[in-house]
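Asker: Handing you this structure, nothing more for now.
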Amino acid sequence: TWRVALSCPAGFTTPLAFNVPSGWVTYRRKPLEVSSDLYDPDIGLIVYSDGTLINPVAPMPITGAFTVDMGEYVAQWTQLIVEVINGTATDAVVSFQVCTYLFDASYWDEFIMPMIDKVATKVEEIIK
């Protein structure tokens, strides 16, 4: 678990990367909890998972604490990048808690992905 309080100056976009250690992946679907000392619709959050935007709305307004859902089709990831856009005239401190379930990347590649691919193939055969 990582916990970070990020200083977000008024009028700026502040990025932060959470990297899974080399040789590992994580598969947690709802890994990111967000809170702030200032809730305002003009403070927004953009979240990328391995370079892919995962926001349902970009940016997501920070009007209260919430948990970011990676979506039902995200199987694993190695990096989250968050960008806080502070469109207010007040500095804010946005806090993040990232919880991960670490998995050895080679095990994931050798055993888990082939199982996922096999199930996907079977589902495609059934649908046809």
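Numbering-wise (the working numbering), the sequence shown opens with residue 11 and increments by one.
From the three backbone atoms N, C-alpha and C, an ideal C-beta is built for every residue, glycine too.
1) Quick one: what's got a C-beta closer than 6 Å to threonine 104's C-beta in the same chain, skipping five residues either side?
2) With a threshold of 16 other CB atoms inside 10 Å of the CB of methionine 125, please say whether the residue is buried or exposed.
3) Run through the DSSP bridge pairs and tell me what phenylalanine 76 is partnered with.
4) Contact check, valine 92 vs valine 133 under 8 Å by CB: the rounded distance?
5) Out of Pro51, Val78, Pro71 and Gly61, which one is the CA nearest neighbour of arginine 38?
6) For the pair the stretch 105-114 and the stretch 66-73, tell me if three or more CB-CB distances fall below 8 Å.
7) Look at proline 51 and methionine 80 and say whether their C-beta atoms are less than 9 Å apart.
8) Could you give the distance in angstroms between the alpha-carbon of valine 35 and the alpha-carbon of isoleucine 136?
9) Can you name the start and end residues of the beta strand (DSSP E) that valine 31 belongs to?
10) Which residue comes first and which comes last in the beta strand (DSSP E) that contains isoleucine 56?
11) Pick helix, strand or coil for threonine 131, following the three-state DSSP scheme.
12) Which same chain residues, not among the five before or five after alanine 102, have their C-beta less than 7 Å away from its C-beta?
13) Check isoleucine 64 in the structure and name its three-state DSSP category.
Answerer: Result, derived from the coordinates:
1) In the sequence shown, counting from the first residue as 1, residue 104 sits at position 94. According to the sequence shown, residue 104 is valine rather than threonine. Answer for valine 104: Leu16, Cys18, Ser46 and Val94, listed in chain order.
2) Position 115 of the sequence shown, counted from the first residue, corresponds to residue 125. Exposed, because fewer than 16 other Cβ atoms sit within 10 Å of the Cβ of methionine 125.
3) Within the sequence shown, numbered from 1, the residue matching residue 76 stands at position 66. BP columns for phenylalanine 76 point to Val44.
4) Position 82 of the sequence shown holds residue 92. Position 123 of the sequence shown holds residue 133. About 33 Å; that fails the 8 Å criterion.
5) One-based indexing of the sequence shown puts residue 38 at position 28. It is Val78.
6) no
7) Counting from 1 along the sequence shown, the entry for residue 51 is found at position 41. Counting from 1 along the sequence shown, the entry for residue 80 is found at position 70. Not closer than 9 Å, so no.
8) Along the sequence shown, one-based indexing puts residue 35 at 25. Along the sequence shown, one-based indexing puts residue 136 at 126. Cα-Cα distance, rounded: 30 Å.
9) Reading the sequence shown from its first residue, position 21 is the one you call residue 31. Correcting the residue identity first, residue 31 is proline in this sequence and not valine. From DSSP, proline 31 is part of no beta strand (DSSP E); its letter is neither H nor E.
10) As a position in the sequence shown, residue 56 is number 46, starting the count at 1. Residues 50-59.
11) As a first step, residue 131 is located in the sequence shown; it is residue number 121 there, counting from the start. Of the three classes helix, strand and coil, the one that applies to threonine 131 here is helix, per DSSP.
12) Reading the sequence shown from its first residue, position 92 is the one you call residue 102. Excluding positions up to five away in sequence, the list reads Cys18, Ser46, Asp47, Leu48, Ile53 and Asn96.
13) For the purposes of this step, residue 64 is taken as the residue at position 54 of the sequence shown. Looking at isoleucine 64 - three-state DSSP - the assignment turns out to be coil, as it is neither helix nor strand.
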